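Asker: So the first sequence is residues 39 to 436, counted in my numbering. Positions of the beta carbon are idealized from the N, C-alpha and C atoms, including for glycine. Treat the numbers as computed from the prediction; the structure is a model and nothing was measured. First the structure, then my questions, so here it is.
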Amino acid sequence: MLQQSTQGVTPAETVVMHVDMDCFYVSVERLLDPSLNGLPVAVGGSPDGRGVVSSASYEARRFGVRSAMPMGQAMRLCPQLVVVRGSYGMYAKHSAALAEIFRRYAPVVRMASQDEAYLDLTGTGRLYGTPLVAAERLRRDVLAETRLPCSIGIGSNRLVAKVASDLCKPKGLLWVPPGSEERFLAPLPIERIPGVGHRIAERLHAIGARRVGDVVTLGAATLDKHFGEHGRDLYSRCSGVSSAHVTEHEPAKSIGAEETFDRDCSDAEVLDASLSALSEKVASRLRAEGIVASTITLKYRFHDFETHTAATTLAYPVDDELAILEAARGLLAAKWGGRRAIRLLGVTTSGLTESSAQLDLLAEEGREKRDRLHAALDRIRGKHGYGGIRRASSEGTS
DNA sequence: TCTGGGGTCCTAGGACCC
DNA sequence: TCTGGGGTCCTAGGACCC
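Next up, the structure:
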């Protein structure tokens, strides 16, 4: 599987690298507090409340602790677990530093999230040698400059590179040479394929497919019958076919915020205060990014996890909390009967465009004054966080 | 065991227009 | 008086990812 090539890479040969940081949040926390080294650590919410695990150290994983697991459950599995609240600002800083290193190695870099990236190495063979040599150097640079460990998968397309990095964690390197994609994937459990989650895996198991190779054996027609359009996609991915095209980061399509209450809530005033805080948060981000939104979506979840969304599209795009709040309020009033207690509220904006594009549409006098007020509010929030300042209607949510 | 918060993409139906 | 087909926009829900 893992082969050391003796020749350089020909320019025409597509080489995609997937760099994935090893338990990124935990690794950053260990930089901040080295006493965490060697201990089972989980970054995430409180074990007493409704928090979940965001990132678990390998010591913790040995006890069965996993991402997205309720923290209380993690504590039961591993009583000596050290729980750390996230230092999210630090993660963003380190992520930016990583992106800079990656850009030295590839002309096109796609940060897929804070802790993983796709690099298109096609044509860089003369500069860095074989993919494995380049990967080894990159990993050394990352470790030397950030002291953060990572794993790297290399393949002829993004899917193969990603599966490879996943497989060699932690601190691994794995190259899948061109032509061996299908052989590489076939013996793996289908859950290893990105996009195959819990539900789809279950349905595949039901028709007798447990390994990636089983899916290929079933054939495109059978998958099409069971999964429709998604089936063809599934088939090609299991065959190792996927886009090799790496593109730079694209502008966000939606910006939102949500809040899960410590206890389910049916108090209309508390819910309204939450909507107000969420609207402020979203509006503040929209303005910081210089964009406006035309669609407002309200999300609400009941105690049994039944989740609904309701959306409305405004006549013109907005970036201010009152307009967003008003829309969200209206949706809640129209949809929520007031009987069932709510465990989560969310406000998401979409239909995003650059705000400069609508300047002439909104050339009212009040605009400038309002902008100055918002700028002042954003500055204060930037300094003190969202608890620093709130309108009167947001009181009671903190 | 009882499920966060930030997102993306896909599907499907209905409205509306030509 | 009954009715096609295509395209686009909007809404709702669901699966998935980190």
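In whole angstroms, what is the alpha-carbon distance linking Thr350 and Val385?
Answerer: One-based indexing of the first sequence puts residue 350 at position 312. One-based indexing of the first sequence puts residue 385 at position 347. Rounded to whole angstroms, Thr350 to Val385 spans 12 Å at the Cα level.
Asker: Answer with buried or exposed for Ser436, where buried requires no fewer than 16 other C-beta atoms within 10 angstroms of its C-beta.
Answerer: For the purposes of this step, residue 436 is taken as residue 398 along the first sequence, with counting starting at 1. Low per-residue confidence applies at Ser436: pLDDT is 33, beneath 50, and the placement is therefore not dependable, though the value from the model is reported in the following sentence. Looking at its Cβ environment, which holds fewer than 16 other Cβ atoms inside 10 Å, Ser436 is exposed.
Asker: I need the boundaries of the beta strand (DSSP E) containing Asp158, first residue and last residue.
Answerer: Counted from its first residue, the first sequence places residue 158 at position 120. Note, Asp158: beta strand (DSSP E), 154-158.
Asker: Distance check for Asp179 and Lys209, CA to CA, integer angstroms please.
Answerer: Numbered from its first residue, the first sequence carries residue 209 at position 171. Numbered from its first residue, the first sequence carries residue 179 at position 141. In a straight line, the C-alpha of Lys209 is about 13 Å away from that of Asp179.
Asker: Report the residue ranges of all beta strand (DSSP E) runs contained in full by the region 197-259; include only those spanning at least 3 residues, in chain order.
Answerer: Counting only runs of 3 or more, we get 211-213.
Asker: So, does the region 114-127 touch the region 79-90, judging by three or more C-beta pairs under 8 Å?
Answerer: Judged by Cβ distances under 8 Å, the region 114-127 makes contact with the region 79-90, as three or more pairs qualify.
Asker: How far does the alpha helix (DSSP H) with His132 in it extend, from its first residue to its last?
Answerer: Locating residue 132 in the first sequence gives position 94, where the first residue counts as 1. Start and end: 126-143.
Asker: Between the alpha carbons of Val66 and His243, how many angstroms are there, rounded?
Answerer: Along the first sequence, one-based indexing puts residue 66 at 28. Along the first sequence, one-based indexing puts residue 243 at 205. Their backbone Cα atoms lie some 38 Å apart in a straight line.
Asker: Could you please give the first and the last residue of the uninterrupted alpha helix (DSSP H) stretch that includes Thr351?
Answerer: Residue numbering aside, residue 351 sits at position 313 when the first sequence is read from its first letter. Where Thr351 is concerned, there is no enclosing alpha helix (DSSP H), although the beta strand (DSSP E) it sits in stretches over 345-356.
Asker: Which value, in whole angstroms, describes the spacing of the CA atoms of Ser93 and Asp153?
Answerer: Position 55 of the first sequence, counted from the start, is the residue given in the question as residue 93. Position 115 of the first sequence, counted from the start, is the residue given in the question as residue 153. Looking at the two C-alpha atoms, the distance is approximately 11 Å.
Asker: Mapping the DSSP letters down to three states, classify His264 as helix, strand or coil.
Answerer: Reading the first sequence from its first residue, position 226 is the one you call residue 264. Of the three classes helix, strand and coil, the one that applies to His264 here is helix, per DSSP.
Asker: Going along the chain, which residues of its own chain have a beta-carbon closer than 8 Å to the beta-carbon of Leu205, five neighbours each way excluded?
Answerer: Within the first sequence, numbered from 1, the residue matching residue 205 stands at position 167. Closer than 8 Å at the Cβ level, and outside the excluded window around Leu205, lie Gly191, Leu212, Leu226, Arg230.
Asker: Once DSSP output is grouped into helix, strand and coil, what is the label at Glu174?
Answerer: Against the first sequence, residue 174 aligns to sequence position 136. Glu174 falls in the helix class under three-state DSSP.
Asker: Rounded C-beta distance between Ala137 and Met149? I'm assuming under 8 Å.
Answerer: For the purposes of this step, residue 137 is identified with residue 99 of the first sequence, where counting begins at 1. For the purposes of this step, residue 149 is identified with residue 111 of the first sequence, where counting begins at 1. Indeed they touch by this definition, with Cβ atoms about 6 Å apart.
Asker: Going by C-alpha distance, which of Leu272, Ala173, Lys131 is nearest Arg241?
Answerer: Translated into the one-based positions of the first sequence, residue 241 becomes position 203. Of Leu272, Ala173, Lys131, the residue nearest in Cα terms is Leu272.
Asker: Does the contact criterion of 3 or more C-beta pairs under 8 Å hold for the region 294-307 versus the region 248-266?
Answerer: Result no; under three Cβ-Cβ pairs closer than 8 Å.
Asker: Starting from Gly82, follow its DSSP beta bridges and name the residues at the other end.
Answerer: Here the question's residue 82 lines up with position 44 in the first sequence. Val91, per the DSSP bridge assignment.
Asker: Quick check on the burial criterion: 16 or more other C-beta atoms within 10 angstroms. Buried or exposed for Pro289?
Answerer: The residue you call residue 289 lines up with position 251 of the first sequence. Classification of Pro289: exposed, given that the 10 Å Cβ count is below 16.
Asker: Just checking, does the region 311-330 make contact with the region 355-374 on the three C-beta pairs under 8 Å criterion?
Answerer: These segments touch.
Asker: Using the three-state DSSP reduction, which class does Leu74 fall into: helix, strand or coil?
Answerer: For the purposes of this step, residue 74 is taken as the residue at position 36 of the first sequence. In this structure, Leu74 counts as helix in the three-state DSSP scheme.
Asker: If you run the structure through DSSP and keep just helix, strand and coil, what is Arg100?
Answerer: Start at 1 with the first residue of the first sequence, and residue 100 comes out as number 62. DSSP places Arg100 in coil when its eight states are reduced to three.
Asker: Run through DSSP, which three-state label would Asp302 get?
Answerer: The count along the first sequence starts at 1 and reaches residue 302 at position 264. Correct three-state label for Asp302: strand.
Asker: Would you identify the three-state DSSP class for Leu165, choosing helix, strand or coil?
Answerer: For this step, residue 165 is matched to residue 127 along the first sequence. The answer is helix: DSSP assigns Leu165 an H, G or I state.
Asker: Starting from the Cα of Ala348, find the closest Cα among Lys337, Val320, Ser189 and give me that residue.
Answerer: In the first sequence, residue 348 corresponds to position 310, counting from 1. Comparing Cα positions, the closest option is Lys337.
Asker: How is Asp342 classed by DSSP in three states: helix, strand or coil?
Answerer: As a working mapping, residue 342 is identified with position 304 in the first sequence. Note: Asp342 maps to coil in three-state DSSP.
Asker: Let me check understanding here. Comparing Cα to Cα, which of Cys276, Glu220, Pro108, Gly251 lies closest to Gly233?
Answerer: Here residue 233 refers to the residue found at position 195 of the first sequence. When each option's Cα is compared against that of Gly233, the closest is Cys276.
Asker: In angstroms, rounded to a whole number, what distance separates the CA positions of Ser194 and Thr333?
Answerer: Start at 1 with the first residue of the first sequence, and residue 194 comes out as number 156. Start at 1 with the first residue of the first sequence, and residue 333 comes out as number 295. Spanning the two alpha carbons is a distance of roughly 39 Å.
Asker: Check Glu297 in the structure and name its three-state DSSP category.
Answerer: To locate residue 297, count along the first sequence from 1; it is residue 259. Strand, per DSSP.
Asker: Using the Cβ count rule (16 or more neighbours within 10 Å means buried), how would you classify Gly376?
Answerer: In the first sequence, residue 376 corresponds to position 338, counting from 1. Flag for Gly376 reads exposed.
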